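Going by full-length UniProt numbering, the first residue of the sequence shown is number 1, and it counts up by one from there. All residues carry an ideal CB built from backbone N, CA and C; glycine is no exception. Note that the structure is a prediction, hence the values are computed from the model and not measured.
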Amino acid sequence: MKAIRILFTLLLTSISLCHIYALVPSDRRQRLTNGWEFIRQDMGSIWEVMRPVPGAGKPEAVPLWTAVTLPHCFNAEDAVEPDVNYYQGAGWYRTSLPIDNPYSGGRVYLEFEGAGQKTDVYVYTTLVASHTGGYDEWKADITEAVTQFRSDAVLMKRFKGQIPIAIRCDNSRDTEMLPSDMSDFNLYGGLYRYVNLIYVPDIHIENIGIDARTDEQGKEGDISLDIRFNGLERIPVSLSVHIFAPDGKEIYATDGQLQNFPATTRTPMPYEPPASDGKNSTCLHIADVRLKRPVLWSPSTPALYTCLLELTCGTDTLRTTERFAFRHFRFEEKGPFYLNGHRLLLRGTHRHEDHAGVGAALTEEMMRTEMQQIKEMGANFIRLGHYQQSSIILRLCDELGILVWEEIPWCRGGLGSEVYKAQARRMLTNMIHQHRNHPSVILWGMGNENDWPGDFETFSQDSIRAFMKELHDLSHRIDPSRCTVIRRCDFCKDIVDIYSPTIWAGWYGRRFRDYAAMEKAGFDATPRFIHAEWGGDSHAGRHTENGAAGKGQGYAPLDSIEAADRNGDWSESYIIRLFDWHLKEQEQMPWLTGSAFWTFKDFSTPLRPENPIPYVNQKGVVQRDGTPKESYYVFQSYWAKTPMLHIYGHTWPVRWGKPGEAKEILVYSNCPEVELFVNGKSVGKKKRDSRNFPAAGLHWNAVLQEGDNLIEAVGYNGKLRLNDKIRQEYQTHPWGMPAQLHLSVSPDASGSHFLVQAEVLDRDGVRCLDAKDVIEFGCTDLHALLQNQGTAQGSRRIQAANGRACICVKKSSAPVIVSACDKGKVLKTAFITLNGQ
1 MKAIRILFTL LLTSISLCHI YALVPSDRRQ RLTNGWEFIR QDMGSIWEVM RPVPGAGKPE
61 AVPLWTAVTL PHCFNAEDAV EPDVNYYQGA GWYRTSLPID NPYSGGRVYL EFEGAGQKTD
121 VYVYTTLVAS HTGGYDEWKA DITEAVTQFR SDAVLMKRFK GQIPIAIRCD NSRDTEMLPS
181 DMSDFNLYGG LYRYVNLIYV PDIHIENIGI DARTDEQGKE GDISLDIRFN GLERIPVSLS
241 VHIFAPDGKE IYATDGQLQN FPATTRTPMP YEPPASDGKN STCLHIADVR LKRPVLWSPS
301 TPALYTCLLE LTCGTDTLRT TERFAFRHFR FEEKGPFYLN GHRLLLRGTH RHEDHAGVGA
361 ALTEEMMRTE MQQIKEMGAN FIRLGHYQQS SIILRLCDEL GILVWEEIPW CRGGLGSEVY
421 KAQARRMLTN MIHQHRNHPS VILWGMGNEN DWPGDFETFS QDSIRAFMKE LHDLSHRIDP
481 SRCTVIRRCD FCKDIVDIYS PTIWAGWYGR RFRDYAAMEK AGFDATPRFI HAEWGGDSHA
541 GRHTENGAAG KGQGYAPLDS IEAADRNGDW SESYIIRLFD WHLKEQEQMP WLTGSAFWTF
601 KDFSTPLRPE NPIPYVNQKG VVQRDGTPKE SYYVFQSYWA KTPMLHIYGH TWPVRWGKPG
661 EAKEILVYSN CPEVELFVNG KSVGKKKRDS RNFPAAGLHW NAVLQEGDNL IEAVGYNGKL
721 RLNDKIRQEY QTHPWGMPAQ LHLSVSPDAS GSHFLVQAEV LDRDGVRCLD AKDVIEFGCT
781 DLHALLQNQG TAQGSRRIQA ANGRACICVK KSSAPVIVSA CDKGKVLKTA FITLNGQ
């Protein structure tokens, strides 16, 4: 054991903590990513799934199964397919596994990190487990079923010694299941999170509870360690505990026989999940540890402690690690948020499990990239809407220093029967038990928009209040250290600890210049306030000019745009101003706990078929594939610590106006001073002042020349110099009504695709830079189009942005003919031939 402690200390001091789980495994665990087959339909029986089929795996096999890799979502593309409702129904997965448990008499589990939305698990034709709920983690014990299958020599020969597994996922509509289909997001189907094969000894650790407490100044720290064991009938069993500080130094160690540890006084919750193998579990209190001056966790210093456990029974040894941290937080009544005794303005966003081309089936690498983008934007807070998300995300929040609001999917529709309520209780209990050791979590969400009726004939505010109170109390019984919260249900705001009303200044209500008054009214109306969900939609690549609108110029004065009381104009020009105004106002609110804008990334939704990109909620500051919009850099200029500089307009290739007319140029930067150059000539230096709107004072009026213009900015931060530049064409020729489409082609950034661009022109061939025609692309080989991605260059049907629409076409598919037509049937269809050159 001493050698193990030395090795573990060396690992902590020499590598990133994120790799510890791979080096010191909690059990024998294998991600089951390859070797799966899938069919998107229901089957007549489990025997039909398992029976031998002539031509299996070949085109003549009926029905046809396809090879897939996990994680896998069976709505990866149809969630944003413009002409269909996304598939809601059953889908089947099957594989064969070489089961070889190294532990004598041990257990074999299939662990599901999340599967949507109802799941049945079979070993051959034996149903071993069922689960309802697409977002909490759960395990299926397949031990006995594997033993039974192995007793049949004929079946073992047929499957070549491997164990056949089948899994049925079903996301069919069901009003008695959370979340509601009225929700503004897809209820995805499939094994869209990782599935793991796990071997454990017969006696093993089921759950670890670490309560790490400290005072506001961090003078002392207390650790209380409770462990829930499965199968403690056999003794003697020994346990060693070692706790390591963030720098790898061991600060506590103990070992002994389990029978010498006291049984915990913690009372199991009514809806606490039972032991995964159905056996009785035992919860023991293992340790109380007191520290002087613990290292505190915060967004700037996310310091993590590690608890190493080693459980030994006979020749079986199980080693596991759990990370935790010390931090103290409080929401001041009628005041701000404090972390470790200091006021911290929560600068937050939201996240859905959704990505172009994969739906909810994000890999760990994709999740890490997304969370790093959020951190680099400068966020220190995130609301995981509107359901429990992958433990990988929680782990990344711990590592990166991002505080978390996580919630259950009681979202819209009303309140169902006892079946419905039992699922809500179960999901809340699971979420807290599974994620309670993550120091990033500060808020447990009880629901979202629960004032929104529709799923049931009866809508009772009294019943919703009673159930909200039940969930609030349940949360505090399981975890009294964290606060409860809901968003937008005024008749329940007095029940939870923290409340967020609905405030959408400049989008769904009033003007964004009214934001401060609306925010203060929300703050005054509740004891502890936070502002979740604000912002608006923006169509990537759409921009609006400032100045007086003239005939044929197709733009409106910004004062007029800013006065819009809802929905702006869906331009990036409007949304950067809305965000800019909110952020500069928030800096002047000493009483504000914080906010979270909606949302970080565009995501699919079944409720918005008429959006510029069909079925996509376009309120993200990055597109659905993670490509930043211009608004990403607005947040970075206010929030990020790392010096940054960005000229607004990287996605704006053509500006327009009158000859000699001064045009506004914005630079978003956190540098103290910025100098602007237009066509090689300095337009002057300006100092950053967040009270100076827009762009914190970094705005210039400059005359652009007809045709090509080079715009450069230099940011000064001490001795550091930052540079950014863009090229923009300036068009002064007015245009008439849209009359034709013109197609052109260029290579895309990856080099593997053509980028086909459709431009809307008037009858004289002048670009109509305000055109919003809905363009539909076609191809002689539809598989050649990069479509159903829900992005500006990956959507077969899309509304034009400044008279332009684009789509990517695979070079490998050439030669092909690509077409573009106007869905309004005003413009003649245009064609272009791609020869692969």
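- In this structure the stretch 800-812 touches the stretch 761-780; the number of beta carbon pairs closer than 8 Å is three or more.
- Rounded to whole angstroms, the separation of the alpha carbons of residue 382 and residue 486 is 14 Å.
- For residue 766, no beta strand (DSSP E) encloses it, and the DSSP letter there is neither H nor E.
- Of the residues assessed, residue 724 falls on the buried side of the cut-off, its CB having 16 or more other CB atoms within 10 angstroms.
- When 226, 199, 421 and 370 are compared, the shortest CA-CA separation from residue 102 is found for 199.
- Taking 8 Å as the cut-off, the Cβ atoms of residue 79 and residue 122 do not count as close.
- Residue 246 and residue 655 have their C-alpha atoms some 53 Å from each other.
- The continuous stretches of alpha helix (DSSP H) do not include residue 446, which lies in the beta strand (DSSP E) extending over residues 441-453.
- DSSP, read as helix, strand or coil, puts residue 484 in strand.
- Within a 10 Å sphere around the beta-carbon of residue 737 sit fewer than 16 other beta-carbons, which makes this residue exposed.
- For residue 686, the uninterrupted beta strand (DSSP E) segment begins and ends at 681-687.
- Spanning the alpha carbons of residue 63 and residue 90 requires a straight line of approximately 14 Å.
- Beta bridge pairing from DSSP links residue 342 with 339.
- Within the stretch 351-398, the complete alpha helix (DSSP H) segments of 4 residues or longer fall at 364-377, listed in chain order.
- DSSP places residue 154 inside the alpha helix (DSSP H), whose first and last residues are 153-158.
- In the displayed model, residue 661 falls within coil according to three-state DSSP, outside both helix and strand.
- Counting the other Cβ atoms within 10 Å of the Cβ of residue 826 gives fewer than 16, which makes it exposed.
- In this structure, the alpha-carbon of residue 687 lies about 39 Å from that of residue 527.
- Spatial neighbours of residue 795 in its own chain (CB-CB distance under 6 Å, excluding positions within 5 residues in sequence) are listed in chain order as 613.
- With contacts defined as CB atoms closer than 8 Å, residue 367 and residue 402 fail to qualify as a contacting pair.
- The DSSP-derived three-state label of residue 784 is helix.
- Per the coordinates, the alpha-carbon of residue 542 lies some 45 Å from the alpha-carbon of residue 111.
- The Cβ atoms of residue 595 and residue 534 lie closer than 8 Å to each other.
- A direct Cα-Cα distance of roughly 43 Å separates residue 448 from residue 250.
- With a contact defined as Cβ atoms closer than 8 Å, residue 310 and residue 317 qualify at about 6 Å.
- Between residue 698 and the set 387, 666 and 710, the nearest pair of CA atoms involves 666.
- Residue 174 counts as buried, since at least 16 other C-beta atoms from the protein chains shown sit within 10 angstroms of its C-beta.
- For the pair residue 806 and residue 766, the CB atoms are not nearer than the 8 Å cut-off.
- Each residue's CA atom was taken as its position, placing residue 161 and residue 133 some 33 Å apart.
- Taking each of 406, 700 and 498 in turn and checking the Cα distance to residue 661, the smallest one comes out for 700.
- Within the same chain, 74, 87 and 91 come within 7 Å of residue 40 by CB-CB distance, once the 5 residues on both sides are set aside.
- Distances from the alpha-carbon of residue 304 to those of 201, 258 and 321 put 321 closest.
- Looking at the backbone, the Cα of residue 253 and that of residue 242 are separated by about 4 Å.
- According to the DSSP secondary-structure assignment, residue 305 is paired through a beta bridge with 324.
- A direct Cα-to-Cα measurement between residue 652 and residue 626 gives close to 19 Å.
- Judged by pairs of C-beta atoms under 8 Å, the stretch 222-229 does not touch the stretch 145-165, as fewer than three such pairs exist.
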